[in-house]
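Please read the structure below before turning to the comments.
Chains as they are written, first to last, in my numbering: chain A, 1 to 168; chain B, 1001 to 1725.
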């Protein structure tokens, strides 16, 4: 299960979260990457890459994780990376048709990252893999000795809609 | 010489046994006994040694009988006898016969019991059982059985006599007796461990004699213990095959025997046996109707002892029975129904005074146990609701909650309107609450948990026909409304989203006449969708569905305005797929959006909440494609006005900026107002009287956010920025 393997969880306020102290955005450092998180209902139009890029600049992060659309996506804009893990449960959305259950596994080692998008399409598990580096620079061999961190990204509709990162 | 010395010591020890009068507590006797036992073990080893050296056991056997006192003599005799059998100088059965006859010499209950216990222990591995080395001329299994049965008979007799000797107080006497039950039971343990006792032998030789013994002794304590012992020591398979006789024997016991406990232990054992062996019950079932047998005898017990037995015990018996039924026959619902039926009869016969809390708790167990396996099928159990009537409202709620949990956890979809109705009638106190009780205050965590379950229940309803699904959801809505505003906060959103999902699933774009002239923005025309959706007019008029949603949201709008706002807005988003401009539905959509604005204005007061709400409104309107020009215009104008009235200047600035997207939509498409808007927000940015670096942030975020609008605007903004700087 998703929650059993974590060591720490980071989450942001979703559309239906009513906890008073929950933050709308968070930034954390994973490996060499600055990672920003925002649920995405704040970025209008919803799912629009340019608006999200504005938030990316504001948070000054290399990777921006967002949601709200229940549609998994990996995008690149202006040399920065945008990850949407989609909905882990395939939950219904009023403005996205035919939601597919999905989540993302992000493996980071220093300045290298690999993104695995797990989806269930018509009852079968499909995995899509993408690789990228910070600043698009090839890493030098010494840097590869850094430890590897794996993060699980998902949107949880269990109670509400916060986006969570769990560090494995 | 050594031999005699040993014998003397042993002899002396046993004088202690003789010397122990009845005033010594039985427990101490046992301790003494164990000491003797160990000492005699040494003696036995010595004799075995002797035997190896060639000494004739027959001689020793004779000479031991010279001992003066009876009891020590018998102990020694048994010890030697055991070695004698081992030596195989003579037939085992002869020795057995001899020893058991001799033992009759001790008629004192305590001493006799221990002596015969000693006999059992010593001869444990010396019986001429099947496949033992003593079989053949020395005897066979039949001889063993006879030996053990006779020993049991005598021990039981002695045991019964203890009822009348000893302390003056009956209760103490009985307690003393109970402490010794294990020595009597040892006979049965030996019986069951005989290799030669297979099913047939058990059926023909062992069981009938045991039952005869038990019945004839007419002593409740003996009967209770021995019956229970039989059930514990013999294999479950034997019991299954001889069930009829076993149960019959149980019903013929003395009145004060607690038959219920015996039945329960039997049923639990068989239930576990059924669990561990896949086809155990099925195999036996070909010849015997196990459930039928149990039912017959339990009913018999209920009839004969129903009045006398406490209600609590009767229900506990039924509980064990239903547990057995579920484990052994997981799919036979009618069995459970039969059990419930007889439970109803029990309850009806009892005067209402005797129904205690414990009884009700057991009744709850009776109702809850079938839920996990049967889940929704319990509605086919006609007697389920009848039994529920006996419960207090509080307990009814407990049962109702278990029902809901079972339905939700099993994830079996509810597919008919009828089932929904039945379900609601069962779980009424859970959904509506109990009068006079403030659940939310008493236990907030449990309250929240309960409501979450109720909300999950909505998603289990999946009727194939959309019209039925709608009717079912309406029914649920009415039930939820009776629960009051605190509950509705959790349950209504779930319901409303279910309605939206139904809309998406079953409605295509509204086929109004004017709609046919407008090109649909979706790909393909209505009649040729590959996914096989509805063709022609939809079965549910969309207007009706959304009106129902509207009513539901309205009912919580006062108490929970923020939630209501979002629900209205999701309604608008949902309509995007279905509604076209110029229809009644569009007007309803306008109602949704305008109500959101009204609630924003009137009911939401917290500054941050207001900002969140207005931004969501903007986000929704940005996506909405079905409004007419006039309607959209009105909505946008109002939204912009509200943005301008936000308390914090920064919020005003950002919100107005977001509104720019609305002017860029296909409906309005007004570039002038886009410009005007951008200028306005830029101006606000300048007005913000805050620290220098913060103001820079605001400008930056302004530039950042305005980028999607148009790149030229950014340069304009940067230009203004440079100017200000």
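Don't be surprised by glycine CBs; every beta carbon is placed ideally from N, CA and C.
Whose CA, out of the options, lies closest to the CA of residue i?
i	options	result
residue 1501(B)	1484(B), 1163(B), 1466(B), 1539(B)	1466(B)
residue 1333(B)	1269(B), 1381(B), 1430(B)	1381(B)
residue 1045(B)	1275(B), 1147(B), 1079(B), 1315(B)	1079(B)
residue 1299(B)	1250(B), 1327(B), 1331(B)	1250(B)
residue 1434(B)	1102(B), 1393(B), 1384(B)	1393(B)
residue 1242(B)	1497(B), 1205(B), 1213(B)	1205(B)
residue 1179(B)	1072(B), 1030(B), 1198(B), 1105(B)	1030(B)
residue 1342(B)	1647(B), 1200(B), 1297(B)	1297(B)
residue 1324(B)	1275(B), 1192(B), 1062(B), 1644(B)	1275(B)
residue 1033(B)	1183(B), 1457(B), 1461(B), 1227(B)	1183(B)
residue 1189(B)	1214(B), 1161(B), 1294(B), 1152(B)	1152(B)
residue 1582(B)	1647(B), 1439(B), 1059(B), 1632(B)	1632(B)
residue 1411(B)	1437(B), 1442(B), 1462(B)	1462(B)
residue 1112(B)	1161(B), 1139(B), 1130(B), 1093(B)	1161(B)
residue 1801(B)	54(A), 74(A), 30(A)	The requested residue 1801(B) does not occur in the structure, where chain B is confined to residues 1001 to 1725.
residue 1571(B)	1403(B), 1629(B), 1495(B), 1634(B)	1495(B)
residue 109(A)	77(A), 56(A), 51(A), 29(A)	29(A)
Suppose you measure from the CA of residue i to the CA of residue j; what does that come to, to the nearest Å?
i	j	result
residue 1349(B)	residue 1390(B)	13 Å
residue 1665(B)	residue 1551(B)	30 Å
residue 1614(B)	residue 1600(B)	7 Å
residue 144(A)	residue 32(A)	At residue 144(A) the pLDDT is 42, less than 50, meaning the model places this residue with poor confidence; the figure from the coordinates comes in the next sentence. The alpha-carbon atoms of residue 144(A) and residue 32(A) are separated by roughly 12 Å.
residue 1578(B)	residue 1541(B)	11 Å
residue 1682(B)	residue 58(A)	18 Å
residue 1022(B)	residue 1395(B)	For residue 1022(B), the predicted structure reports a pLDDT of 39, less than 50, and the residue's modelled location is therefore unreliable. The matter cannot be settled from this model.
residue 1469(B)	residue 1680(B)	49 Å
residue 1169(B)	residue 1269(B)	36 Å
residue 1186(B)	residue 1117(B)	8 Å
residue 1573(B)	residue 106(A)	32 Å
residue 1448(B)	residue 1687(B)	46 Å
residue 89(A)	residue 102(A)	7 Å
residue 42(A)	residue 1328(B)	57 Å
residue 1518(B)	residue 1506(B)	Confidence in residue 1518(B) is poor, its pLDDT being 42 and thus under 50, which makes the residue's placement unreliable; the coordinate value appears in the next sentence. Answer to the nearest angstrom: the Cα atoms are 21 Å apart.
residue 1426(B)	residue 1450(B)	15 Å
residue 1619(B)	residue 1669(B)	17 Å
residue 1331(B)	residue 1547(B)	43 Å
residue 11(A)	residue 1387(B)	48 Å
residue 1727(B)	residue 1223(B)	Absent from the structure is residue 1727(B), since the part of chain B shown begins at 1001 and ends at 1725.
residue 1416(B)	residue 1464(B)	8 Å
residue 1255(B)	residue 1304(B)	10 Å
residue 1588(B)	residue 1543(B)	8 Å
residue 1226(B)	residue 1364(B)	33 Å
residue 1142(B)	residue 1202(B)	11 Å
Name the two residues that bound the continuous beta strand (DSSP E) containing residue i.
i	result
residue 125(A)	124 to 133
residue 36(A)	33 to 38
residue 26(A)	25 to 30
residue 1163(B)	No beta strand (DSSP E) holds residue 1163(B); DSSP gives it neither H nor E.
In the DSSP assignment, find the unbroken alpha helix (DSSP H) run with residue i in it and report its ends.
i	result
residue 71(A)	First-last for residue 71(A): undefined, no H or E at that position.
residue 1594(B)	1584 to 1602
residue 1114(B)	1109 to 1122
residue 1202(B)	From DSSP, residue 1202(B) is part of no alpha helix (DSSP H); its letter is neither H nor E.
residue 1626(B)	Segment: none, residue 1626(B) is in no alpha helix (DSSP H) and carries neither H nor E.
Just checking my contact of residue i with residue j at CB under 8 Å: how many whole Å lie between their CB atoms?
i	j	result
residue 44(A)	residue 1661(B)	6 Å
residue 1156(B)	residue 1217(B)	6 Å
residue 65(A)	residue 86(A)	Not really, about 12 Å apart at Cβ, beyond 8 Å.
residue 1596(B)	residue 1569(B)	5 Å
residue 1192(B)	residue 1147(B)	15 Å between Cβ atoms; not a contact.
residue 1261(B)	residue 1312(B)	About 13 Å separates the two Cβ atoms, so there is no contact after all.
Could you tell me whether the region 1124 to 1134 of chain B touches the region 1167 to 1176 of chain B, using the rule of 3 or more Cβ pairs below 8 Å?
no
With contact counted as at least three CB pairs below 8 Å, one residue from each stretch, are the region 1130 to 1146 of chain B and the region 1162 to 1173 of chain B in contact?
no
Contact the region 1362 to 1379 of chain B vs the region 1324 to 1342 of chain B: 3+ CB pairs below 8 Å
yes
Does the region 1602 to 1610 of chain B come within contact of the region 1623 to 1638 of chain B, defined as at least 3 CB pairs closer than 8 Å?
no
Counting beta carbon pairs with one atom in the region 1545 to 1561 of chain B and one in the region 1479 to 1489 of chain B, are three or more of them shorter than 8 Å?
yes
Would you call the region 1106 to 1120 of chain B in contact with the region 1068 to 1075 of chain B, where contact means no fewer than 3 C-beta pairs closer than 8 Å?
yes
With three or more beta-carbon pairs closer than 8 Å as the criterion, would you say the region 1094 to 1102 of chain B touches the region 1047 to 1055 of chain B?
no
So does the region 20 to 39 of chain A actually touch the region 65 to 82 of chain A, counting three or more Cβ pairs closer than 8 Å?
yes
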